[in-house]
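This report concerns only the one structure given below.
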Amino acid sequence: MAKYLAKRIFYLILTLFIVITVTFFLMKLLPGTPLTNQAKLSKSQIALIYEQYGLDKPVWQQYLLYLAGAVRGNFGTSFQFSDQPVSYLLSSRIGPSLQIGLQAMIFGVILGIIVGAFGAMRQNTWVDTTATVVSILGISIPSFVLAVLLQYYLGLKLGWFPIAEWGGFIYTVLPTLALGATPLAESARFVRTEMVDVLSSDYIELAKAKGLSRTGIIYHHALRNSLIPLITIVGPLAVNIMTGSMVVENIFSIPGIGEQFVKSVLTNDYPTIMGLTIIYSFMLCVVLLITDILYGIVDPRIRITGKAN
Amino acid sequence: MADTVKLPEDSFKRISGDDRASLDSEKIAAPSLTFAQDAWRRLKKNKGAWVSLIVLAIIFIMAFGSLVVSPHNPNAVNPSYANLPSKIPGVNINGFNGTLVQAGERVDAYKQAGASGKFYIMGTDYLGRDLFSRVLYGTRISLIIALVATLFDLTIGVTYGMFSGWKGGRVDTFMQRVIEIILSIPNLVVIVLLILILKPGMTSIIIAIALTSWVNMARLVRAQTMEIKEQEYILAARTLGERPLKIAFKHLLPNLSSVIIINTMFTIPNAIFFEATLSYIGIGISSPQASLGTLLNDGQKNFQFLPYQMWWPALILSIIMLAFNLLGDGLRDAFDPRTKE
Chain C
1 MAKYLAKRIF YLILTLFIVI TVTFFLMKLL PGTPLTNQAK LSKSQIALIY EQYGLDKPVW
61 QQYLLYLAGA VRGNFGTSFQ FSDQPVSYLL SSRIGPSLQI GLQAMIFGVI LGIIVGAFGA
121 MRQNTWVDTT ATVVSILGIS IPSFVLAVLL QYYLGLKLGW FPIAEWGGFI YTVLPTLALG
181 ATPLAESARF VRTEMVDVLS SDYIELAKAK GLSRTGIIYH HALRNSLIPL ITIVGPLAVN
241 IMTGSMVVEN IFSIPGIGEQ FVKSVLTNDY PTIMGLTIIY SFMLCVVLLI TDILYGIVDP
301 RIRITGKAN
Chain X
1 MADTVKLPED SFKRISGDDR ASLDSEKIAA PSLTFAQDAW RRLKKNKGAW VSLIVLAIIF
61 IMAFGSLVVS PHNPNAVNPS YANLPSKIPG VNINGFNGTL VQAGERVDAY KQAGASGKFY
121 IMGTDYLGRD LFSRVLYGTR ISLIIALVAT LFDLTIGVTY GMFSGWKGGR VDTFMQRVIE
181 IILSIPNLVV IVLLILILKP GMTSIIIAIA LTSWVNMARL VRAQTMEIKE QEYILAARTL
241 GERPLKIAFK HLLPNLSSVI IINTMFTIPN AIFFEATLSY IGIGISSPQA SLGTLLNDGQ
301 KNFQFLPYQM WWPALILSII MLAFNLLGDG LRDAFDPRTK E
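So the sequence lines, in the order shown, correspond to chains C and X.
Numbered per UniProt numbering, the first sequence spans residues 1 to 309.
Numbered per UniProt numbering, the second sequence spans residues 1 to 341.
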């Protein structure tokens, strides 16, 4: 296990290194200068500014400096907000994004498990049909359409929840619902298929023959065994939530990193975009690592071969 | 078991000597079906998938047919007919008859704009452009994106996966590391970086999708290839001295076809969703071109007062996504009967 873990962490670092390198050189390829009023500045002023930001050094030195900074969480200074370090800008914004992302994940997966399990238990009845319809609709309706509809009907028309801004828990309800729809649908579909499989296996027959109660069988044998493979879709779901958050945070004007990302793209704030790219990749890598480790703990066969799939 | 089963007299028929001679007990009653025919038969039994296939065919024909015959020019600005609600001739249901609620009263918006004789099936947008034509235009863009994603899935994804799985060893390990690295960068981030370097628009979206969409296909194809290459018929082909390229096309590809077809069906909605998301946040297709994403963004601004401007593109986008998902499910059941039971 320790060897496996070390290998995984090595690949995580390698991946992040490649991400940083690629984004850095991509950004250097971009046309234009970071100066706002280049025409008004004299040559010596430009040289002074370049020196201040370390832009006078050769590219490879800049790259090494950036790499050294990135390891310590320093991503340079934002172009959009002058004199504001990217790390400061982002650290104040990461909280809301994490909160909504985690809430959406927990809400979606738990409700998805319940919906999927009920669908499998009452196979080919109206319960099953409802579960299937819910999961197909959840996958087919884009989260931003759902977000606008929720905002309008539950927020504006019924006035149950605030329509935008960021405050207490009540402000997180609508974004969580909008973001959680896809995880809900995906996990419901997944759990249903797995559980139908498990319910027809021999050990369920044995449990029935032993005279265990129905709830006992479902809870102890069927549900637990169908949940193990669910860990594998947590990674893709995390990607989905990250992508979705860029749009949903914009719709509900939540001061999170997704909203900042879109803003930075629209204002060509390159250092912030680079910082966010690295943060997004880091978060995804950590999620993938955790799911791999969890999977190894739950399913001993993986630990032996040292492979996740 | 006390009660005996009573069968009616005419349930059985005695076969006389002549009949017995003509009866071939070895004969298989049903015609033998090829793999594709069998899958097609199973697909037709699945109502959801069958309806989805027809709906998608209609959408395809309408979206590409609008290149030839379009009700209006999607980019023709006509400010005097701005924000007209949807009006379908012969339908007199509120919401589809060209009336609007203004100051608590229902009025005929077409009469007010002086366009009594005209009709716009989905209404017009804030510049008086025909929404129906614009939705068709946007659908076409979505479908082109879908086709492009499929193309790269089939070329890069399948080749990469097959090569990696067939070679094995160090080549395979290296190729898998590359995939793992691509997978651990969120797709949207890759696409945004590309859009920054290229110009926002159709080309950069297509390149971005080309770079990211094939990864899942490559993984699945690789796993399947590794399984298939251990089969006896591959061993036989190798023993007979068949060239690897020929084995790949003649033996591997046909046996991979179900995996490939099923996965394509799940790549397509993802690609469409991506394009819509990008255009929605304003870094995808730029105006005056329309895509379902930009239409949704435009419509959302006026949703409170002119809800139809968002409902139509949202409806079409959801129908396309739904149809591809249902068709994908149907194809999976059709090609892999094990999942059905």
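C-beta atoms are modelled at their ideal positions from N, C-alpha and C, and glycine is treated no differently.
Counting of Cβ neighbours within 10 angstroms places C/R93 among the buried residues, the total reaching 16 or more. By the C-beta criterion, the stretch 154–172 of chain C is judged not to be in contact with the stretch 128–139 of chain C, since fewer than 3 inter-stretch pairs fall below 8 Å. Taking a C-beta distance under 8 Å as the contact criterion, C/T182 and C/Q103 do not qualify as a contact pair. Secondary structure at X/T99: strand, using DSSP grouped into helix, strand and coil. For C/F252, the nearest beta carbon of chain X is not closer than 8 Å to its own beta carbon. Annotation: X/V69 is outside any beta strand (DSSP E) and is labelled neither H nor E by DSSP. Residues of the stretch 123–155 of chain C with a C-beta less than 7 Å from any C-beta of chain X: I136, I139, S140, I141, P142, F144, V145, V148 and Y152, listed in chain order.
Under the DSSP definition of a beta bridge, X/R42 lacks any partner. Taken in chain order, the unbroken stretches of alpha helix (DSSP H) that lie wholly in the stretch 111–186 of chain X and span 4 residues or more are 131–152, 158–167 and 169–183. Under the Cβ criterion (8 Å, minimum of three pairs), the stretch 254–272 of chain X counts as touching the stretch 215–227 of chain X. Residue environment for X/N325: buried (at least 16 other C-beta atoms within 10 angstroms of its C-beta).
Taken in chain order, the whole alpha helix (DSSP H) runs of length 4 or more contained in the stretch 282–334 of chain X are 292–301. Going by C-alpha positions, X/I88 is about 9 Å away from X/G123. Within the same chain, no residue comes within 6 Å of X/N216 by CB-CB distance, once the 5 residues on both sides are set aside.
Within the same chain, and ignoring the five residues on either side of C/S97 in sequence, the residues whose Cβ sits closer than 8 Å to its Cβ are S245, E249, I254, G256, I257 and G258. Considering only beta carbons, the part of the stretch 265–279 of chain X lying closer than 7 Å to chain C consists of F273, A276 and T277, in chain order. Note: X/R106 is bridge-paired with X/V101 in the DSSP secondary-structure output. A distance below 6 Å between beta-carbons, with the five flanking residues on each side excluded, links C/L111 to the following residues of its chain, in chain order: L184.
By the C-beta density criterion, C/L149 is buried, having at least 16 other C-beta atoms within 10 angstroms. Against chain C, a Cβ distance below 9 Å from X/E180 picks out Y11, T15 and L288.
Bounds of the alpha helix (DSSP H) holding X/V51 are K47 to G65. Against chain X, a Cβ distance below 7 Å from C/T232 picks out nothing, because the smallest value is about 12 Å. What C/I18 touches in chain X, judged by beta-carbon distance under 7 Å, is I181, going in chain order.
According to DSSP, residue pairing for C/T77 in a beta bridge involves C/P85. Taking the Cα positions, C/F25 is about 14 Å away from C/I278. Residues of chain X with a Cβ closer than 8 Å to the Cβ of C/T23 are, in chain order, L193. Secondary structure of X/A76 (DSSP, three-state): coil. By the C-beta criterion, the stretch 222–238 of chain C is judged not to be in contact with the stretch 270–290 of chain X, since fewer than 3 inter-stretch pairs fall below 8 Å. Rounded to the nearest whole angstrom, the CA to CA distance from X/E230 to X/E242 is 16 Å.
Put simply, the backbone Cα of X/I205 is about 44 Å away from that of C/L199.
Residues of the same chain with a CB within less than 7 Å of the CB of X/P313, apart from the 5 flanking positions on each side, are V135, G138, L292, L295, L296 and G299 in chain order. Residues of chain C with a Cβ closer than 9 Å to the Cβ of X/S318 are, in chain order, L137, S140, I141, P142 and V145.
Within a 10 Å sphere around the beta-carbon of C/F261 sit 16 or more other beta-carbons, which makes this residue buried. In this structure, the alpha-carbon of C/L30 lies about 15 Å from that of C/L266. Taking 8 Å as the cut-off, the beta carbon of X/I207 is found closer than this to the beta carbon of X/L198.
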